[in-house]
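Q: In our numbering, the protein residues as written are 2 to 253. By construction, the Cβ of each residue, glycine as well, lies at the ideal position given by its N, Cα and C atoms.
(1) Residue 227 and residue 200 look like a contact to me (Cβ under 8 Å); what is the Cβ gap, rounded to whole Å?
(2) Just checking my contact of residue 31 with residue 47 at CB under 8 Å: how many whole Å lie between their CB atoms?
(3) Could you check the C-alpha separation between residue 155 and residue 102 for me, to the nearest Å?
(4) Could you tell me which whole alpha helix (DSSP H) segments of length 4 or greater appear in the stretch 11-53?
(5) Does the stretch 89-98 come within contact of the stretch 230-237, defined as at least 3 CB pairs closer than 8 Å?
(6) Quick check: the stretch 68-79 against the stretch 2-15, are there 3 or more CB pairs under 8 Å?
(7) Check residue 226 in the structure and name its three-state DSSP category.
(8) Alpha carbon to alpha carbon, how far is residue 210 from residue 21? Give it in angstroms, no decimals.
(9) When the Cα of residue 169 is compared with those of 13, 82, 34, 179, which residue comes out closest?
(10) In this structure, how does DSSP classify residue 4 when only helix, strand and coil are distinguished?
Below, the structure written as structure tokens:
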């Protein structure tokens with residue numbers, strides 16, 4: 002049986018990943034700071050704790066019924082602040098949770114793995130490719146995941162370890178519910194995506210499952226945006242409103 006370690010398992014995307022992997026018969030070890038991680042259905046083991054701490058990470062690996070061959074890192078520490086107002090502690094905390102812990106977990110997986118193949122999937126963000134005011138530290142952490150995945154692909158590929166990044170756009174999760182539950186704000190967000198709808202956590206989980214599984218056996222070192230095409234659209238392009246044809250007002 003394949004065993005997967007999912008860090009950040011109680012979050013919106015993490016929970017969807019746990020459910021998706023478990024539905025495939027994967028033995029999931031779920032780790033999160035939130036007590037809700039213990040209520041996740043279908044997991045082989047659940048651990049409440051800070052996965053940035055080496056002791057917690059070691060306990061998570063030890064709790065697995067078999068040595069994990071899949072790692073999904075979905076940890077983040079979101080702090081909205083202008084770059085000039087961040088304290089060193091805040092800067093380091095965002096990077097420690099979002100980037101350094103990914104390196105820690107990945108190296109531990111490689112250290113413990115057997116002779117078979119393994120897959121590492123980092124949950125990144127389109128913030129790695131574009132900036133938003135107040136999200137600088139978060140963007141740096143997410144961009145770093147891409148560099149880490151490429152370095153890991155080069156170094157660990159010969160060991161049979163694949164490392165990839167999923168980069169979601171806006172996803173309807175509880176953390177940003179204040180936006181997608183507000184009709185006006187929801188319409189504004191939708192207008193930025195050519196598919197004209199908001200992504201669900203399940204859609205991200207499907208891509209994570211693909212990269213974690215054998216169907217992507219020759220995919221390595223890739224950063225895959227799952228953003229409904231938003232990165233494909235030039236910012237000056239005016240997209241007509243539905244039903245108005247080319248004469249419609251710009252949608253932003």
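A: Straight from the coordinates:
(1) Translated into the one-based positions of the chain shown, residue 227 becomes position 226. Translated into the one-based positions of the chain shown, residue 200 becomes position 199. Under the criterion of beta carbons closer than 8 Å, residue 227 and residue 200 qualify as touching, at roughly 7 Å.
(2) Stepping through the chain shown from its first residue, residue 31 is reached at position 30. Stepping through the chain shown from its first residue, residue 47 is reached at position 46. With 8 Å as the limit, residue 31 and residue 47 qualify as a contact, their Cβ atoms being about 5 Å apart.
(3) Reading the chain shown from its first residue, position 154 is the one you call residue 155. Reading the chain shown from its first residue, position 101 is the one you call residue 102. Each residue's Cα considered, the two are about 20 Å apart.
(4) Secondary structure within the stretch 11-53: the alpha helix (DSSP H) runs of 4 or more consecutive residues, fully enclosed, are 13-24 (chain order).
(5) They do not touch, by the three-pair rule.
(6) Yes: the two stretches touch, three or more of their Cβ pairs being nearer than 8 Å.
(7) For this step, residue 226 is matched to residue 225 along the chain shown. Of the three classes helix, strand and coil, the one that applies to residue 226 here is strand, per DSSP.
(8) Here residue 21 refers to the residue found at position 20 of the chain shown. Here residue 210 refers to the residue found at position 209 of the chain shown. In a straight line, the C-alpha of residue 21 is about 7 Å away from that of residue 210.
(9) Within the chain shown, numbered from 1, the residue matching residue 169 stands at position 168. Nearest option by C-alpha distance: 13.
(10) As a position in the chain shown, residue 4 is number 3, starting the count at 1. Note: residue 4 maps to strand in three-state DSSP.
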